[in-house]
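K.L.:
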Amino acid sequence: MNHMNMKHRRRKRRRNQSFLFTGILLLVVVSASSFLWYGFGNAAKKDSVIEEMPFTITQDGMQAKEEIKKTVLETSYGGKQQVAEENHGNTQNAGTDEAWNLMLVNRDNAIPDNYEVNLVEVEGGERVDERIYEPLMEMLNAAREENWGELPMVVSGYRTQEKQQSLYDEKIAKFKKEGYSDSEAVRQAEQWVAVPGHSEHQLGFAVDINGATYDVYLWLQENSYKYGFIFRYPGSKTDITGTAEEVWHYRYVGVEAATEMYENGLCLEEYLEKKQSEN
1 MNHMNMKHRR
11 RKRRRNQSFL
21 FTGILLLVVV
31 SASSFLWYGF
41 GNAAKKDSVI
51 EEMPFTITQD
61 GMQAKEEIKK
71 TVLETSYGGK
81 QQVAEENHGN
91 TQNAGTDEAW
101 NLMLVNRDNA
111 IPDNYEVNLV
121 EVEGGERVDE
131 RIYEPLMEML
141 NAAREENWGE
151 LPMVVSGYRT
161 QEKQQSLYDE
171 KIAKFKKEGY
181 SDSEAVRQAE
191 QWVAVPGHSE
201 HQLGFAVDIN
211 GATYDVYLWL
221 QENSYKYGFI
231 FRYPGSKTDI
241 TGTAEEVWHY
251 RYVGVEAATE
261 MYENGLCLEE
271 YLEKKQSEN
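For the sequence shown, position 25 matches number 25 in UniProt numbering, and the numbering has no gaps at all.
(1) Taking just the CA atoms, how far does E134 sit from R127?
(2) With three or more beta-carbon pairs closer than 8 Å as the criterion, would you say the stretch 252 to 266 touches the stretch 223 to 241?
(3) Can you tell me whether D113 is buried or exposed? The criterion is at least 16 other CB atoms within 10 Å of its CB, across all chains shown.
(4) From L266 to L272, what does the alpha carbon distance come to, in whole angstroms?
(5) Could you check what DSSP says for A244 in three-state terms: helix, strand or coil?
(6) For H201, which residues in the same chain have their Cβ closer than 6 Å to its Cβ, ignoring the five residues on either side in sequence?
(7) Which stretch, first to last residue, makes up the beta strand (DSSP E) that contains N118?
(8) Under the three-state reduction of DSSP, which class applies to H201: helix, strand or coil?
(9) Taking the DSSP output, what are the residues bridged to residue 368?
(10) Does the beta-carbon of R187 have 16 or more other beta-carbons within 10 angstroms, so that it is buried, or is it exposed?
(11) Buried or exposed, going by whether 16 or more other CB atoms sit within 10 Å of the CB of N279?
(12) Quick one: Cα of L268 to Cα of A142, how far?
(13) To the nearest angstrom, how far is the alpha carbon of V247 from that of G235?
(14) Would you mind sorting G157 into buried or exposed? The rule is 16 or more other CB atoms within 10 Å of its CB.
(15) Looking only at its own chain, which residues have a Cβ that is under 6 Å from the Cβ of G254, when we skip the five neighbours before and after it?
(16) Identify the continuous alpha helix (DSSP H) that holds S183 and give its terminal residues.
(17) Mapping DSSP to helix, strand and coil, what is Y158?
(18) So, does the stretch 163 to 175 touch the stretch 190 to 207, judging by three or more C-beta pairs under 8 Å?
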């Protein structure tokens, strides 16, 4: 009888140990799963906050018509490298124009023939006119300091004629694919991409800026003038500029002009017209 009781107790002990081991194993699996879900879930959530922005709001209350994709790139600015390049099919050297920073290029005003620009490279590989390098770096560094370490960066600077043509053709093809007629596709595309030879990017004075969050764009709209840059294409000025709202696009015009435009709510076309009427 005692022998049977001892065997029964041993079997019971083994069952208890088995249950205990299974319970511990289950707890480990659940904990590991929770950890992985939390980590990857938060990472996915962070990416979605950065990238999923169906529209944007600017200080004039207008909405941008296309989604802005945000890219978080951890880098730092510096290391100026000079590159000389001639813009194909153009005539005027920017250095010969006293008001080079106020040169108007839009749908009605083409880049002068034989236009030449001396370029410097910013971190990330984009290039800009060497004369705007210092104020551009000052503005971007200030934006980073004021936005909790978020790093705005230039994702598009100077463009060659060939690059602008490629972007223009791609945008037209996109609208054709969506069912627009040839003429309507061109009309729609030109609200977003300038006709080659009519883009400020070909001057080297304009930059497209990406930021980690939309707060960077709000900061730029309120502070860029201090560094000589303007929010070039606000939604409320589309009828004048001919370009749909681009919250990422900034153009250098100099501190004096930028300040006057900011304080009076003027776009570049309005500012130049005002100056002409005063002379």
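Here a beta-carbon is modelled for each residue, glycine too, at the ideal position from N, C-alpha and C.
P.N.:
Considering the structure as presented:
(1) In the sequence shown, counting from the first residue as 1, residue 127 sits at position 127. In the sequence shown, counting from the first residue as 1, residue 134 sits at position 134. About 13 Å.
(2) yes
(3) Taking the first residue of the sequence shown as position 1, residue 113 is located at position 113. Exposed: under 16 other Cβ atoms inside 10 Å.
(4) Taking the sequence shown and counting its residues from 1, one reaches residue 266 at position 266. Taking the sequence shown and counting its residues from 1, one reaches residue 272 at position 272. Distance between the alpha carbons of L266 and L272: 9 Å.
(5) Numbered from 1 along the sequence shown, position 244 holds the residue referred to as residue 244. It is coil, neither helix nor strand.
(6) Your numbering for residue 201 matches position 201 in the sequence shown. Closer than 6 Å at the Cβ level, and outside the excluded window around H201, lie R159.
(7) The residue labelled residue 118 in the question sits at position 118 within the sequence shown. Per DSSP, N118 belongs to the beta strand (DSSP E) from 114 to 121.
(8) Reading the sequence shown from its first residue, position 201 is the one you call residue 201. Looking at H201 - three-state DSSP - the assignment turns out to be helix.
(9) The chain is shown only over 1 to 279; residue 368 falls outside these bounds and no answer can be derived.
(10) For the purposes of this step, residue 187 is taken as residue 187 along the sequence shown, with counting starting at 1. Classification of R187: exposed, given that the 10 Å Cβ count is below 16.
(11) Position 279 of the sequence shown, counted from the first residue, corresponds to residue 279. N279 is exposed by the Cβ-count criterion.
(12) By one-based count along the sequence shown, residue 268 stands at place 268. By one-based count along the sequence shown, residue 142 stands at place 142. Whole-angstrom Cα-Cα distance: 24 Å.
(13) Here residue 247 refers to the residue found at position 247 of the sequence shown. Here residue 235 refers to the residue found at position 235 of the sequence shown. Their backbone Cα atoms lie some 9 Å apart in a straight line.
(14) For the purposes of this step, residue 157 is taken as the residue at position 157 of the sequence shown. Label assigned to G157: buried.
(15) Translated into the one-based positions of the sequence shown, residue 254 becomes position 254. Only N101, G228 meet the Cβ criterion.
(16) By 1-based counting over the sequence shown, the position of residue 183 is 183. Element bounds for S183: 182 to 189.
(17) Walking along the sequence shown from the start, residue 158 turns up at place 158. In this structure, Y158 counts as coil in the three-state DSSP scheme.
(18) Look at the beta carbons and you see the stretch 163 to 175 touching the stretch 190 to 207: at least three pairs across the two are nearer than 8 Å.
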